[in-house]
Ligand code: NDP
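Numbering (UniProt numbering), first residue to last: 3 to 478.
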């Protein structure tokens, strides 16, 4: 075979990834279960580079130079296993299967282990950036063996987004590390979007502003510390007018947010690892809540008219308060997301470089932002940073934002505007900085009803109080 790499699964993502590879000078074998997609790709884009179209899996594998590298871009779940089962008997020791679909990292760990027994490399790879990213330069998060990265690295680094001359791709770590990091990326994306949505909702209620006016506010924010792809497209969406009604587009869209499940995976994994990613959890639950139309309708009817009118005292101060609250809450969400990656890395022995991970999110992916340079800097300066919140730039930014953050959350509560992510992020911050937490009382209660014991502030050891008797303390 003469193709340097192959892509099987030519729906929107695979097709664009194959075009990206070909545009970058690689000879790309292409394959899809139903051959119409393969034919369509070559008919429409065959002149963009060197494609080797194939219609059977055997021909596809035969078209590849050895060791072979096969990228799979098929539907996650059962279809991924089905395609792997089809490929394995056709491959030889040392060949590489790259799964660029949105697999759960636990599935990737299972598949990697199974294929290792066949002397095959299985490289679960997170790809972010949607169809445009796949075509013009995504953020690429490969897991798998270091050996496989020696072949894949130069290819992936060439087709990835580039920021300041650096590719948005690096080897994340063994087996499921790439898909794990992609999962957390998506969780952070949920939090980012929820925070932006809350900022919009607050500004709209507090200022009685139109979406078009708020588009301008977001456009201005995009030239400062908040500069990011999501803020940029927020301005775009808010500024858009619906053609059929002439109303603001955002007002004709049904207010029930959907999800494909990566936010849920992130929260489930964080629960398993014991990492409080409250921002991502609130964002995920906020989407669920929005979809409970019956409950919303019943509750809206039961409590109609109880919201007080809201008049902010000073418009400019309020806008600046919301901006600072958004930035501070965003810092919390990222601090939590990076804690989650660190915990996953420890649990699964992945040795993930946190600063490096921030580096490859600066371009190509949905959460790309100026701010990620700061995160890289923070972890490069202090790899053992206990939390991003205490890195100098972040600490200064949060400190400067706290008064506005508190005012916004308090005013929102007074006015009855829901701010689950703003409010819980502020609580997270206040909990971390508290001298004492009421966790002491929780421990007392657990000891009282279940003899679960507690530790003391003044002595080592575990203790239990005889609650049912004379309340004397015994060493447990
Ligand atoms: P889809 O997730 O819609 O998957 C369609 C592709 O899977 C088609 O090529 C289809 O082949 C193939 N397929 C489905 N079932 C089987 C099967 N049993 N055997 C063989 N092939 C099968 O396509 P997308 O391009 O949207 O996404 C591809 C992957 O990339 C998914 O895992 C997705 O989660 C992930 N991803 C998607 C992003 C996006 O923005 N869309 C972003 C990042 C990752 P056929 O044409 O024959 O039906």
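Glycine included, each C-beta is placed from N, C-alpha and C at the ideal position.
This one's a predicted model, so the numbers in the text were calculated from it and none came from an experiment.
A distance below 6 Å between beta-carbons, with the five flanking residues on each side excluded, links residue 230 to the following residues of its chain, in chain order: 371. Using a Cβ-Cβ distance cut-off of 8 Å, the stretch 296-303 and the stretch 247-255 are not in contact, since fewer than three pairs of beta carbons, one from each stretch, lie closer than that value. The distance from the Cβ of residue 419 to that of residue 197 is about 14 Å, inconsistent with a contact at the 8 Å cut-off. Taking 7 Å as the cut-off, one finds at least one heavy atom of the ligand NDP near enough to the beta carbon of residue 78. Residue state for residue 203 is assigned as helix, using DSSP reduced to three classes.
Counting of Cβ neighbours within 10 angstroms places residue 290 among the exposed residues, the total staying below 16. When secondary structure is reduced to three states using DSSP, residue 99 falls in the strand class.
For residue 213, the enclosing alpha helix (DSSP H) stretches over residues 213-223. Looking at the backbone, the Cα of residue 292 and that of residue 206 are separated by about 18 Å.
Counting the other CB atoms within 10 Å of its CB gives residue 471 a total below 16, which places it among the exposed residues. Contact between residue 280 and residue 426 holds: CB atoms are separated by about 5 Å, below the 8 Å threshold. Annotated as proximal: residue 30 and residue 20, with beta-carbon spacing under 8 Å. Within the DSSP bridge table, the entry for residue 14 names no partner. Of the heavy atoms belonging to the ligand NDP, at least one sits nearer than 7 Å to the Cβ of residue 14. The Cβ-Cβ distance between residue 397 and residue 381 does not fall below 8 Å.
If you draw a straight line from the Cα of residue 173 to the Cα of residue 99, it is about 15 Å long. Here residue 195 has 232 and 285 as same chain residues with Cβ atoms under 8 Å from its own Cβ, once five neighbours each way along the sequence are excluded. By the neighbour-count criterion, in which a residue is buried when 16 or more other Cβ atoms sit within 10 angstroms of its Cβ, residue 124 is buried. Counting C-beta pairs with one atom in each stretch, the stretch 311-327 and the stretch 404-415 have three or more that are closer than 8 Å, which means they touch.
The stretch 353-367 and the stretch 459-471 do not touch, with fewer than three beta-carbon pairs separated by less than 8 Å. The alpha helix (DSSP H) runs lying completely inside the stretch 41-123 and spanning 4 residues or more are 59-64, 80-89 and 107-118, given in chain order. Residue 350 and residue 272 have their C-alpha atoms spaced approximately 14 Å apart. The beta carbon of residue 120 lies closer than 7 Å to those of 90 in the same chain, with the five residues before and after it left out.
Taking 8 Å as the upper bound for CB-CB distance, residue 75 and residue 102 are in contact here, some 5 Å apart. With respect to the 8 Å criterion, residue 431 and residue 400 are classified as neighbours on the basis of their beta carbons.
According to DSSP, residue 286 shares a beta bridge with no other residue. A distance criterion of 7 Å places the beta-carbon of residue 34 in contact range of the ligand NDP, judged by its closest non-hydrogen atom. Here residue 252 has 213, 239 and 240 as same chain residues with Cβ atoms under 7 Å from its own Cβ, once five neighbours each way along the sequence are excluded. Two segments are said to touch when three or more pairs of C-beta atoms, one from each, lie closer than 8 Å; by this definition the stretch 139-154 touches the stretch 179-187.
Proximity to residue 202 across 191, 169 and 236 peaks at 236, based on C-alpha coordinates.
Counting along the chain, residue 466 sits inside the beta strand (DSSP E) bounded by residues 465-467.
It is roughly 17 Å from the alpha-carbon of residue 49 to the alpha-carbon of residue 12. Pairing residue 348 with residue 282 gives a Cβ-Cβ distance that is not under 8 Å. Going by beta carbons, residue 40 and residue 57 fall inside the 8 Å limit. Spatial neighbours of residue 117 in its own chain (CB-CB distance under 6 Å, excluding positions within 5 residues in sequence) are listed in chain order as 124.
DSSP, read as helix, strand or coil, puts residue 417 in helix.
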